[in-house]
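Numbering (our numbering), first residue to last: 30 to 282.
Each residue gets a CB set at the ideal place from its N, CA and C atoms; glycine is no exception.
Next up, the structure:
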């Protein structure tokens, strides 16, 4: 599960690139009960908070032609070294490493299949202040047309450990960080039959069906209806009014 220990290679931050920040803030505060606070000196970039703790962030789209989306940031101990590893493994650097004042350094990439992701090398800001609990990030999945190639790419970049699990007719790959234990699993890899490769964030909620209903009331759409997996929980994939994908999940434990 995700923790705020932020081992190298684990999700440390998540933000949303929006074409209409006020509308995005209204949707997610209405859905999750989050608060929102603009960060000093950050323009319209601001933090979503749950019980006073930062759980995500949002800002205007800055890339020409980019679509609204959630972007996951994985913890890096050296942004320059990670960037080199991405290039050597066949990925694309969309934003080279750069400092965000004393807070830390970021870089953004696309993997060889086109899934976008980013890294965070912490300075003063370690990362999210709350994960796994209701109202926060709890899991992530990579949807990619070639799961084996995706697994190989991210292992080259982050040295992730991977374990394949049979789930019906599909093989689900569970990811843990290089230095993690079995209960430090943080993500999965899912074969994608069609469409654009992407990372899908999961947010923990007390009631999956209620969250799906609320998302629809606020103008969102259901992409994958709620389902229950024994021992895992009940989850659904939805899109916000701008079309950005995310999942809501009520974990079994």
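Helix, strand or coil at residue i according to DSSP, with G and I counted as helix
i: residue 281; result: coil
i: residue 153; result: coil
i: residue 74; result: coil
i: residue 121; result: strand
i: residue 137; result: strand
i: residue 39; result: coil
i: residue 86; result: strand
i: residue 225; result: coil
i: residue 31; result: coil
i: residue 246; result: helix
i: residue 44; result: strand
i: residue 126; result: strand
8 Å Cβ cutoff met for residue i and residue j
i: residue 278; j: residue 260; result: no
i: residue 182; j: residue 110; result: no
i: residue 88; j: residue 44; result: yes
i: residue 157; j: residue 112; result: no
i: residue 99; j: residue 275; result: yes
Spatial neighbours of residue i in its chain, beta-carbon cut-off 8 Å, leaving aside the 5 residues before and after
i: residue 192; result: 202, 203, 205
i: residue 95; result: 46
i: residue 215; result: 30, 31, 39, 40, 168, 169, 204, 205, 206, 209
i: residue 270; result: 52, 56, 247, 248, 249
Nearest-angstrom Cα separation, counted from residue j out to residue i
i: residue 62; j: residue 55; result: 10 Å
i: residue 81; j: residue 231; result: 20 Å
i: residue 255; j: residue 249; result: 14 Å
i: residue 241; j: residue 152; result: 37 Å
i: residue 51; j: residue 198; result: 42 Å
i: residue 104; j: residue 136; result: 11 Å
i: residue 268; j: residue 77; result: 18 Å
i: residue 121; j: residue 140; result: 6 Å
Same chain only: Cβ atoms within 6 Å of residue i, ignoring 5 sequence neighbours per side
i: residue 235; result: 163
Closer than 7 Å: residue i CB and nearest the ligand NAP heavy atom
i: residue 175; result: Within the structure as shown, the ligand NAP is missing, as the structure has no ligands at all.
Contacts around residue i, its chain only, beta-carbon distance under 7 Å, and the 5 residues preceding and following it disregarded
i: residue 180; result: 191, 202, 218
i: residue 48; result: 90, 97, 271
Starting from the N-terminal side, write out each stretch of the beta strand (DSSP E) that is 3 residues or longer and does not extend beyond the segment 248 to 278. Annotation: the segment 248 to 278 contains the following complete segments of the beta strand (DSSP E) (minimum length 3 residues), in chain order: 250 to 258, 262 to 268.
Hey, which unbroken runs of the beta strand (DSSP E) at 3 residues or more fall wholly within the segment 164 to 210? Counting whole runs of 3 or more residues, the segment 164 to 210 contains the beta strand (DSSP E) stretches 166 to 173, 190 to 196, 199 to 205.
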